[in-house]
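Peer 1: If you scroll down you'll find the structure; I have some questions about it.
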Amino acid sequence: MMLGAKEMLAKAEQCEDAADRVDPICARFYRNAAQQWRDMAAQLELLEREQVYRIIRVSLSSGGGTK
Numbered sequence: 001m002m003l004g005a006k007e008m009l010a011k012a013e014q015c016e017d018a019a020d021r022v023d024p025i026c027a028r029f030y031r032n033a034a035q036q037w038r039d040m041a042a043q044l045e046l047l048e049r050e051q052v053y054r055i056i057r058v059s060l061s062s063g064g065g066t067k
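In case it helps, my numbering puts the sequence shown at residues 1 to 67.
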């Protein structure tokens with residue numbers, strides 16, 4: 001099951017919360033994990049935007065746009 005961008009951002013928040021509750025060495029691990037979740041969410045949002053753009057572009061080029 002693939003997570004959506006919102007779910008990934010929620011995971012990042014969970015990692016940040018966990019980082020606040022542990023010792024500094026573990027906190028670093030959780031903060032790094034949070035950053036990775038945020039990076040993956042940003043990449044997924046970009047891919048989704050580009051996919052939507054491609055669908056619109058193909059639709060318009062095939063005559064599916066307004067006249």
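Yeah, the Cβ is synthetic: ideal placement off N, Cα and C, and Gly gets one too.
#1: How close, in whole Å, do the beta carbons of Cys108 and Ala33 come, if the pair is a contact with beta carbons under 8 Å?
#2: Residues in the same chain with beta-carbon distance under 8 Å from Asp20, minus the five sequence neighbours each way, listed in chain order, please.
#3: Determine the direct distance from the alpha carbon of Met8 to that of Arg38, and round the result to whole angstroms.
#4: If you count every other CB in all the chains shown that lies within 10 Å of the CB of Lys67, and 16 or more means buried, which is it?
#5: Between Arg12 and Glu45, is the Cβ-Cβ spacing less than 8 Å?
Peer 2: According to the structure shown:
#1: It is not possible to answer for residue 108, since the shown part of the chain is limited to 1 through 67.
#2: Ala27
#3: 7 Å
#4: At Lys67, the pLDDT of 48 sits below 50, so the modelled position is not reliable; the number obtained from the coordinates is stated separately. With fewer than 16 Cβ atoms within 10 Å of its Cβ, Lys67 is classed as exposed.
#5: A small correction: the amino acid at residue 12 is Ala; Arg does not occupy that position in the sequence shown. No; because the gap between Cβ atoms is not below 8 Å, this pair is not in contact.
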